[in-house]
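In the numbering used here, the protein residues as written are 8 to 171. Virtual Cβ for every residue (Gly too), placed ideally from N, Cα, C. This one's a predicted model, so the numbers in the text were calculated from it and none came from an experiment.
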């Protein structure tokens, strides 16, 4: 309603790590007409937030992004005291898997050879494939990587495909 009244575009706030693992809600935080950070890994989002706070072109004395937002544990906020790390690998590990598996198109065996934890590789690659249906409904967004979800990545949504 507000978008219609103002003519403004609603932005979806999901990032690449959340879209990869399905840690986003259809018709919830995925709702919007454009997703500006949809191809930005969670660790990159934090780095960008820290960078923005140190670059103050307008000379204001306060950081535009409150530090408590940057340091707060990521959470889907579906239940009290929940954090993403209760059920996902740490984001530095998760993002390394997404980077190598999705962007560089490396098989899981290569990720293991690179020293990534087997349980994390198995979990994250399973989540990537299981959540294709959510990404198919995601808003378009900016592409910054060599292989983004959408045009650069397509995986069957049905029939429990394991490999292409």
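Beta-carbon gap between residue i and residue j smaller than 9 angstroms
i	j	result
residue 22	residue 48	yes
residue 50	residue 108	no
residue 146	residue 156	no
residue 24	residue 128	no
residue 18	residue 40	yes
residue 110	residue 150	no
residue 101	residue 28	yes
residue 160	residue 142	yes
residue 164	residue 140	yes
Limits of the alpha helix (DSSP H) - the one that residue i falls within
i	result
residue 165	No alpha helix (DSSP H) contains residue 165, which DSSP labels as neither H nor E.
residue 17	Premise fails: residue 17 is in no alpha helix (DSSP H) and is neither H nor E.
residue 134	125-137
residue 104	98-105
residue 119	115-120
Residues near residue i in its chain [Cβ-Cβ closer than 7 angstroms; skip 5 each side]
i	result
residue 83	30, 89 and 91
residue 125	119
residue 77	53, 56 and 57
residue 59	71 and 72
residue 69	none
residue 46	23, 148, 149, 150, 151, 152 and 155
residue 103	123
residue 33	141 and 144
Contacts around residue i, its chain only, beta-carbon distance under 6 angstroms, and the 5 residues preceding and following it disregarded
i	result
residue 96	127
residue 113	107
Every unbroken alpha helix (DSSP H) within the segment 24-91, with a cutoff of 4 residues, ordered by chain:
Inside the segment 24-91, DSSP marks whole alpha helix (DSSP H) runs of 4 or more residues at positions 49-61 and 74-78, from first to last along the chain.
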